Structures are given as structure tokens and as C-alpha cells.
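Some notes on the structure that comes next.
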Amino acid sequence: MSHRFGPAGRLGACLLALLMFLSVGDPASAGTSVSDRTADRHVADARKRTLAACRERGIELPPDFIAWIDGDPTLKASVYGCRADPLPVLLALRSLEIDLGKSVVRDEYTQLAVAFAMAGSYASSDRKASGWNDGDTGTPGDDLPDVTPRPALVLECPGDPRIPVDTADPGRDLDVFDHVINFLEDHPPIEVEVEVRELPPLEYDDRGVAKPRGKPVKVRRTVERGLVGADVIASAALQAEFNAYLAARGHPEVVLECGDRVVHRGSTAAVRDKALRASIKAAHDLFHDAYRAKGRMPRQRDAAPTPSESMAWFIRNHRHDFSGTDRVWPRFPIDAPWPVLMMLAADDQPLREREDIWIKYRDDGEFRTYGEYIGGIAQQFDMQSARRVAPFPFSYGSIQMMWKDGGVCGTMGNIGARTHRICGVPASTAGQPGHCAIVFMEQDPETGRFRCRGGQYATGGDEVTTVHAGWNYDDVGGRRPMVFHQSVAWGVNHDPEAFVEAMVLRRAWDALDEVERSRQCVRWIRKAMGLNPFALPLIDGIIAAAPDATTAIEILDEFDSAFAPHAAEEFDLYRRTVRDLAHERILALPAPSTRRANERLLEELDRQGCENARLLARCWKDLGGEVFLEECRAASLEYLDSPARTKIKRASQRFAGTVRAWGRSVKSGRQRKAWAQSLLGVFAGRELLVVGRRTSVDPAFAVLCGFAGRPVPTVAELEAAPASGSVSRSDHRPSRFAMVD
Numbered sequence: 111m112s113h114r115f116g117p118a119g120r121l122g123a124c125l126l127a128l129l130m131f132l133s134v135g136d137p138a139s140a141g142t143s144v145s146d147r148t149a150d151r152h153v154a155d156a157r158k159r160t161l162a163a164c165r166e167r168g169i170e171l172p173p174d175f176i177a178w179i180d181g182d183p184t185l186k187a188s189v190y191g192c193r194a195d196p197l198p199v200l201l202a203l204r205s206l207e208i209d210l211g212k213s214v215v216r217d218e219y220t221q222l223a224v225a226f227a228m229a230g231s232y233a234s235s236d237r238k239a240s241g242w243n244d245g246d247t248g249t250p251g252d253d254l255p256d257v258t259p260r261p262a263l264v265l266e267c268p269g270d271p272r273i274p275v276d277t278a279d280p281g282r283d284l285d286v287f288d289h290v291i292n293f294l295e296d297h298p299p300i301e302v303e304v305e306v307r308e309l310p311p312l313e314y315d316d317r318g319v320a321k322p323r324g325k326p327v328k329v330r331r332t333v334e335r336g337l338v339g340a341d342v343i344a345s346a347a348l349q350a351e352f353n354a355y356l357a358a359r360g361h362p363e364v365v366l367e368c369g370d371r372v373v374h375r376g377s378t379a380a381v382r383d384k385a386l387r388a389s390i391k392a393a394h395d396l397f398h399d400a401y402r403a404k405g406r407m408p409r410q411r412d413a414a415p416t417p418s419e420s421m422a423w424f425i426r427n428h429r430h431d432f433s434g435t436d437r438v439w440p441r442f443p444i445d446a447p448w449p450v451l452m453m454l455a456a457d458d459q460p461l462r463e464r465e466d467i468w469i470k471y472r473d474d475g476e477f478r479t480y481g482e483y484i485g486g487i488a489q490q491f492d493m494q495s496a497r498r499v500a501p502f503p504f505s506y507g508s509i510q511m512m513w514k515d516g517g518v519c520g521t522m523g524n525i526g527a528r529t530h531r532i533c534g535v536p537a538s539t540a541g542q543p544g545h546c547a548i549v550f551m552e553q554d555p556e557t558g559r560f561r562c563r564g565g566q567y568a569t570g571g572d573e574v575t576t577v578h579a580g581w582n583y584d585d586v587g588g589r590r591p592m593v594f595h596q597s598v599a600w601g602v603n604h605d606p607e608a609f610v611e612a613m614v615l616r617r618a619w620d621a622l623d624e625v626e627r628s629r630q631c632v633r634w635i636r637k638a639m640g641l642n643p644f645a646l647p648l649i650d651g652i653i654a655a656a657p658d659a660t661t662a663i664e665i666l667d668e669f670d671s672a673f674a675p676h677a678a679e680e681f682d683l684y685r686r687t688v689r690d691l692a693h694e695r696i697l698a699l700p701a702p703s704t705r706r707a708n709e710r711l712l713e714e715l716d717r718q719g720c721e722n723a724r725l726l727a728r729c730w731k732d733l734g735g736e737v738f739l740e741e742c743r744a745a746s747l748e749y750l751d752s753p754a755r756t757k758i759k760r761a762s763q764r765f766a767g768t769v770r771a772w773g774r775s776v777k778s779g780r781q782r783k784a785w786a787q788s789l790l791g792v793f794a795g796r797e798l799l800v801v802g803r804r805t806s807v808d809p810a811f812a813v814l815c816g817f818a819g820r821p822v823p824t825v826a827e828l829e830a831a832p833a834s835g836s837v838s839r840s841d842h843r844p845s846r847f848a849m850v851d
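Residue 851 in the numbering used here is what sits at position 741 of the sequence shown, and the numbering runs on without skipping anything.
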């Protein structure tokens with residue numbers, strides 16, 4: 111499957127088809143239709159402004175470079191049309207070409223180059239650290255890529271930066287760090303037990319011929335090694351030796367009091383004693399500072415590579431010949447369309463760190479995406495660091511240090527995401543409730559289709575996952591839920607050129623004034639869906655501009671109608687996300703001014719399957735009387751009677767979130783308490799949740815207890831309580847609003 115965008119005529123054909131689609135629109139909208147040349151005009155205007163900005167700054171770009179971009183409509187749209195300010199994108203692409211060569215950027219790895227240029231355009235405060243120039247090509251204050259002539263880049267991975275200091279040098283006065291290092295390095299070796307992997311012993315058959323050995327096994331061995339800082343922190347006896355040693359050399363003020371095995375190499379428990387924790391931290395800082403000052407650890411973490419260095423490094427690896435090995439390579443096509451490469455281009459790991467992991471994969475096939483899980487002490491970075499502080503060629507923050515020190519989910523997610531990116535796979539850490547996971551792009555080898563998939567999930571699925579990589583597909587940025595990044599893969603699968611055009615149209619949409627956006631919402635959503643039904647950057651922007659609830663409802667109806675041919679379980683979360691965006695927009699708008707308008711809105715929300723608890727609560731309360739309480743009671747009964755409560759994973763947590771939103775919408779503490787007490791009656795006799803063999807307190811019941819000011823009873827207390835009458839569904843009219851799928 112080719113990953114180059116299509117021929118130059120493709121974009122024009124798409125626009126012609128779109129013109130035909132719009133020409134049969136609503137006659138009442140005559141004169142306000144979106145022109146088929148909207149994207150072309152926006153790109154042309156942006157190109158004109160960008161090249162004018164270059165001239166104003168005295169920046170000269172080769173005519174053949176500009177002509178190359180102009181010769182491919184989708185490349186031209188990507189460079190000039192996908193950012194409000196395209197200048198950094200244009201200059202970054204040229205900067206990459208200067209460093210890496212025309213053939214690399216224009217012929218071999220164009221999509222990767224665009225991804226790097228686009229990712230760099232989102233950088234701000236960290237541009238300089240990543241190799242971007244300030245002032246050389248622009249006016250003071252501009253952070254722009256350097257496009258001045260220079261020799262081609264020669265990729266060099268830095269070596270170990272440590273320069274060991276002679277801490278016993280008789281030609282100078284020794285300082286405290288010299289004495290710290292000398293105590294450790296001059297100390298007799300200590301015996302420690304370590305875990306190693308060894309091949310099993312040789313076995314022989316009856317003829318005396320050795321049998322094939324099995325796989326390596328883990329064994330414990332006692333070995334001698336030199337003393338390190340962590341050993342002293344772990345041992346009261348060694349601390350006493352150390353204190354005496356420093357005092358004898360003129361530093362009686364240096365005293366370690368870390369206790370005995372409070373923190374040691376295998377510690378997993380957090381340190382609760384604040385004074386003891388402060389003492390252990392001080393000891394760690396002493397050893398860490400001494401190691402850095404005397405060349406036993408780097409003084410600081412290596413600098414991030416420039417975009418050109420990073421891209422060159424990925425290309426070098428991509429070209430490596432793995433024939434004759436069992437390596438999976440490439441693990442992801444780096445000539446894929448640039449929107450699916452953005453997480454890879456954003457990687458800022460120093461080259462030396464990457465190279466160390468790459469060599470392990472290249473030479474030994476090692477692909478470790480998980481490290482040592484160490485428990486509660488990982489929540490105390492200073493204690494986690496103290497347990498294994500020792501000479502080391504890498505700094506804190508590196509993947510190598512994460513392997514050495516271990517951690518919990520955040521460390522594991524970082525190890526996984528970084529390892530994937532080092533091996534050429536776009537990846538990122540991602541947040542879940544109380545957990546850190548990873549997400550990564552992958553390609554089906556048979557169909558060539560892309561998808562964004564999660565890994566190391568623990569507290570939920572895609573629906574509760576937020577990707578930490580920037581949402582670099584509009585000018586809003588920030589973090590977005592998993593489904594946003596999944597939609598990028600789906601949008602590229604559907605039509606990569608149309609997905610890029612949709613991003614251009616998002617910029618054109620943002621450039622319209624508020625009045626025009628309000629008038630054009632419905633027609634633009636039709637345009638977006640006709641272009642690419644997964645164009646979430648554009649769809650999201652259109653929804654956010656809906657001027658009233660009626661328009662937002664109509665936008666969602668247009669989306670649902672156009673998306674019907676693509677309906678599949680795989681895209682259900684995407685469909686629900688667009689629905690939720692529309693209903694969130696309605697919540698942000700003023701509430702209906704009349705009871706009848708509110709009733710009509712509720713009817714429409716019911717038809718569209720609204721699950722926005724805050725919006726529904728507002729509508730119910732605006733109807734007055736007991737409607738809010740009655741609807742909450744009816745929905746609670748529906749939840750309690752639903753098979754989903756015990757059969758669908760996380761259904762109870764979702765309903766608990768709904769109850770929490772209801773309660774928070776009641777501003778009066780007294781009224782909130784009365785409301786919660788009333789709903790607790792609905793749960794009477796059904797407070798426990800039984801899922802499989804596990805019995806727990808229903809989380810929605812626990813939330814209500816909190817609002818009511820009651821302690822949450824334990825499972826044992828509820829099981830021992832006498833059975834009480836429960837409210838039957840027949841006591842209340844059916845809820846119009848299902849809270850659980």
C-alpha cells in the first residue's frame with residue numbers, strides 16, 4: 111500500500127464533487143453556501159501572507175523549493191493551510207531540507223518531514239531547547255527555524271559525557287564531594303545477592319552427548335561489588351562509618367541518619383515519618399551531587415536533539431538491513447501520511463538515550479515496554495531515587511534510569527511509549543482514572559489500514575483514556591480523549607487528502623466572524639461529512655460555534671444521518687463523542703426561556719440519546735416542581751433494574767458519575783441532602799453490587815451517602831442488615847432518559 115498522497119488532480123476532483131453536493135442544498139440558504147473553492151482560497155491567501163512575511167524578514171527561499179510545494183496540492187495544503195500561522199511550518203520544512211538534503215525531504219521521506227515541521231510549529235517555550243533559532247531569520251522575539259545556508263548535517267550520537275575526577279589528587283585541596291566518593295570507592299567490596307539469567311546446566315544423554323539447553327532461567331547469586339550511595343542509606347552501620355570518615359577529614363557537619371533498612375534496594379513501602387524522609391532525601395542529594403560533581407553521573411540530562419537530528423536518526427534506523435534476523439521491521443511505516451506520524455515527530459528523547467535502547471533492539475531483539483513495579487514508594491520521587499542511587503551514565507528522566515529505579519504506572523507507561531517511539535512507532539502515554547497507560551499507532555499488515563490502540567490499560571477502556579500527546583490538528587491544541595487520536599487514523603484510512611483538506615477548512619472556519627459561523631453551521635457540517643466523516647478537527651469546531659440549542663441539535667442530526675453508512679461497533683465511541691460534544695455545547699448556551707421550549711429540548715435530547723447528566727439536570731430543574739427528583743428516581747430505578755448494572759464493565763462507575771453530576775447541580779446544601787436521602791430510599795435493599803464472584807458497595811449508593819452526610823456502610827454491615835422494602839418501578843413513571851447503555 112502506498113502512503114504517498116494522491117495525484118495533483120485529486121483535490122480538484124474532491125472539490126468539484128463537493129460543489130455538486132452543495133448545489134442541491136436548501137433553497138432558503140441560497141447565497142450562503144460554502145464555495146467549492148473555500149479550501150483553495152484559504153491556502154492561496156495563507157501562501158501569499160506567508161511568503162510576504164518571509165520578504166519582510168529578509169528570508170530568501172529557493173524558487174524550486176516553493177515550486178515543489180506548489181506542485182502537490184495536498185502538500186501545499188499541509189504547509190500553508192493547517193496552521194493559523196504557516197510560517198514556522200514552511201521554514202521548518204526548508205530547514206530540514208538544508209540539513210538532510212533535497213532527495214530525503216522531497217522524494218523519500220516527505221511525509222515524515224511534514225510531520226516534523228508541523229510538530230515543531232506547535233512548540234513554544236521549548237523551541238530553543240529543541241534546536242530552533244531565535245532572531246537569526248526573523249525579528250527579535252520570533253522563534254523560527256534556521257534557514258541560513260550551512261553544510262549538510264552529519265548525524266552523530268553523543269557519547270558518555272562523564273569525565274571522572276581524580277578524587278585523591280594530591281595537587282589540590284579535597285572538598286567534601288571528594289571525600290564522599292573516596293569513602294565509597296576505597297571501601298572494601300560488599301557482598302550482595304543479585305538475580306541473574308543463566309542457561310540451565312548441561313545434561314548428557316546415554317552416549318555422553320550434550321542435550322540442547324533450554325531457555326535461560328533466573329537464579330539468585332551472591333557477588334562482591336563496590337559500595338554505592340544506596341548501600342549507605344540502607345545501613346545504619348555504614349552510616350556510622352561514613353559519619354566518622356567525614357568527621358575525621360574535617361566535615362563533622364555531614365551526618366547521615368537514615369535508619370536501618372528504612373529505604374533499601376528492594377523497598378516498596380512509602381516512608382511516612384516526615385523527619386526521617388527529610389534525612390534520607392538529604393543523604394540522597396549528597397551522594398547524587400557528589401556523583402555529578404566528580405564525573406560519576408552526568409551533570410545534567412543530555413539536550414534534546416534538533417528536529418533535523420531526530421529525523422535523521424529515525425531515517426538511519428529505518429534503512430537498517432534486518433535481513434537474516436527475526437526482528438519485526440519496520441514496526442511502523444515512517445512514510446505513512448503525516449497526520450499519523452505526529453506522535454513520533456514530537457519525540458524529544460536525547461539521541462544517546464535512544465541509541466542505547468535502539469542498539470539493544472537492533473543487536474539482541476530486546477523490546478522492553480515494562481519495568482520493575484515497585485509499589486507505594488514510587489509516589490515519593492526522593493525516596494524512590496534514594497533506594498538505588500549509584501554511579502550511572504544517564505540522568506533522572508531518562509528511560510535508562512526508569513529501568514534502573516523502577517516505578518509504578520507512570521514509569522511503565524513512559525517506558526512503553528518511549529520504547530515504541532525509539533523503534534519508530536508513534537506512541538504516547540495516556541491518562542486513565544488513577545492510572546497511566548500507553549497508546550500507539552499501528553498498521554494492519556494485510557489491509558494497510560491504520561489504527562490507534564491502547565496498551566497497559568487498567569481502570570477502563572478507550573472511553574476513559576486521555577492521550578498525553580498534544581492534539582496538534584487544530585490551533586487549540588492541548589490534550590484530548592483517546593477517540594480524537596483514533597479518529598485521525600480512521601480519517602486517514604477513509605481519505606488522507608480529504609482529511610488534510612478538512613484541517614484546512616477548520617482554519618478557514620476559524621477565520622470567519624462569529625455571525626457568519628452562526629449562519630453557516632449546518633451547511634458546513636454537511637460539507638465536513640461529505641468530505642471525510644472522521645474529520646473531527648473540523649466537526650468539533652463547527653459544533654463549538656452553534657449559536658443555539660436548535661442549531662446544535664440539527665448539526666448532530668446531520669452528522670448522524672451522514673455517518674449512518676459508516677456505523678459499526680468500532681466507531682461507536684466516535685459517534686457518541688460527537689453526540690456528547692453537541693450536547694456539551696447546548697449546556698454552554700443559555701437555557702430555553704419557556705417551559706414549552708424546555709420540553710421540546712428534552713424531547714430532542716431523549717431522541718438523540720443524551721447522556722449529559724448536567725444538561726439533563728438543568729432541563730429537569732427548569733421544568734419546576736418535583737420533576738428533577740422524579741427523573742432522578744426513575745433513572746435510578748432504570749439503572750438498578752438494568753442487566754447492564756452487573757454485566758457491562760464499568761456501568762456502575764458511569765452511573766455513579768451521573769449521580770455525582772446531579773448532586774453537584776443542586777447548589778443548596780440543605781436541598782442536596784434532602785435530594786440524596788430521597789434517592790437512598792430507591793437503593794434500599796439493593797445497596798450491594800454483585801459482579802461475578804465479587805460483592806461491593808454500589809458506587810452510586812456511596813456517592814449518595816456522601817451527599818446525604820452519611821458514612822458509607824461496609825459490605826459486611828449491609829449483608830448483616832435486615833432486608834428492607836425497595837421501591838418498585840411501578841411506583842414511578844418510566845424515565846425518558848436512559849443513563850446506561
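Beta carbons are placed, not taken as given, at the ideal position from N, Cα and C, and that holds for glycine.
Since the model is a prediction, treat every value here as computed from it, not as a measurement.
Query: Give the single residue among Arg706, Glu713, Thr416 and Leu814 whose Cα lies nearest to the Cα of Arg743.; Result: Leu814
Query: Alpha carbon to alpha carbon, how far is Trp619 from Pro700? Give it in angstroms, no decimals.; Result: 23 angstroms
Query: Whole angstroms are fine: how far does the CA of Val602 sit from the CA of Leu171?; Result: 31 angstroms
Query: Take every Cβ of the segment 627-636, pair it with every Cβ of the segment 645-654, and state whether three or more of those distances are shorter than 8 angstroms.; Result: yes
Query: Do you know how far the Cα of Trp513 is from the Cα of Pro501?; Result: 15 angstroms
Query: When we look at the beta-carbon of Thr557 and count the other beta-carbons within 10 Å, is it buried (16 or more) or exposed?; Result: exposed
Query: Do Arg441 and Cys533 have their beta-carbon atoms positioned less than 9 angstroms apart in this structure?; Result: yes
Query: At what residues does the beta strand (DSSP E) containing His545 begin and finish?; Result: His545 to Gln553
Query: One question on the structure: do Gln718 and Asp670 come within less than 9 angstroms of each other, judged by their Cβ atoms?; Result: yes
Query: Would you grab the beta carbon distance between Ala723 and Ala771 for me? Rounded to a whole angstrom, and I think it's under 8 angstroms.; Result: 4 angstroms
Query: Can you give me the start and stop residues for the beta strand (DSSP E) that Gly565 sits inside?; Result: Phe560 to Gly565
Query: Considering Cα atoms alone, identify which of Gly802, Val801, Ala794 and Arg803 is closest to Pro823.; Result: Ala794
Query: Of the residues Leu312, Pro447 and Lys328, which one's Cα is nearest the Cα of Lys321?; Result: Leu312
Query: Can you give the Cα-Cα distance for Leu125 and Arg147, rounded to whole angstroms?; Result: Note that Leu125 has pLDDT 39, beneath the 50 cutoff, so the model's placement of it is unreliable and the number below is only indicative. So the two alpha carbons sit approximately 7 angstroms from each other.
Query: Give every residue of the same chain whose Cβ lies closer than 6 angstroms to the Cβ of Arg371, excluding the five residues on either side of it in the sequence, and list them in chain order.; Result: Ala344
Query: On the criterion of 16 or more Cβ atoms from any shown chain inside 10 Å, does Glu668 qualify as buried, or is it exposed?; Result: buried
Query: Under the rule that 16 or more other beta-carbon atoms within 10 Å means buried, what is Pro832, buried or exposed?; Result: exposed
Query: Ends of the beta strand (DSSP E) at Gly759?; Result: This sequence places Lys at residue 759; Gly is not what is there. From DSSP, Lys759 is part of no beta strand (DSSP E); its letter is neither H nor E.
Query: With DSSP collapsed to three states, give me the class of Tyr483.; Result: strand
Query: Leaving out five residues before and five after Met763 in sequence, what residues of the same chain have Cβ atoms less than 7 angstroms from its Cβ?; Result: For the sequence presented, residue 763 should be read as Gln rather than Met. Pro809.
Query: For Arg782, does the three-state DSSP call read helix, strand or coil?; Result: helix
Query: Below 8 angstroms, can you find three or more Cβ-Cβ pairs linking the segment 468-480 to the segment 522-538?; Result: yes
Query: What residue from Asp182, Lys186, Asp174 and Gly181 has the CA that sits closest to Thr929's CA?; Result: Since the first and last residues shown for the chain are 111 and 851, residue 929 lies out of range.
Query: Under a three-way DSSP split, which group does Leu798 fall into?; Result: strand
Query: According to DSSP, simplified to helix, strand and coil, what is Leu309?; Result: coil
Query: Please confirm whether Arg561 and Asp572 have their CB atoms less than 9 angstroms apart.; Result: no
Query: How should Asp623 be labelled, buried or exposed, when 16 other C-beta atoms within 10 angstroms of its C-beta is the threshold for buried?; Result: exposed
Query: Does the segment 480-500 come close enough to the segment 384-404 to have 3 or more Cβ pairs within less than 8 angstroms?; Result: yes
Query: At which residues does the beta strand (DSSP E) containing Glu334 begin and terminate?; Result: Val327 to Arg335
Query: I'd like to check one pair, Ala229 with Ala599: are the Cβ atoms closer than 9 angstroms?; Result: no
Query: Based on DSSP bridge pairs, tell me the residues matched to Val776.; Result: In the DSSP output, where bridge partners are listed per residue, Val776 has none listed.
Query: Hey, quick one: how far does the alpha helix (DSSP H) through Thr97 stretch, first residue to last?; Result: Here the chain comprises residues numbered 111 to 851, so residue 97 is not present and cannot be evaluated.
Query: Looking only at C-alpha atoms, which of Tyr190, Val214 and Leu254 sits nearest to Arg167?; Result: Leu254
Query: Specify, as a first and last residue, the run of the alpha helix (DSSP H) that Gly816 falls within.; Result: Pro809 to Ala818
Query: Using DSSP with H/G/I as helix, E/B as strand and the rest coil, what is Ala540?; Result: strand
Query: Let me know the secondary structure DSSP gives Gly791 once reduced to three states.; Result: helix
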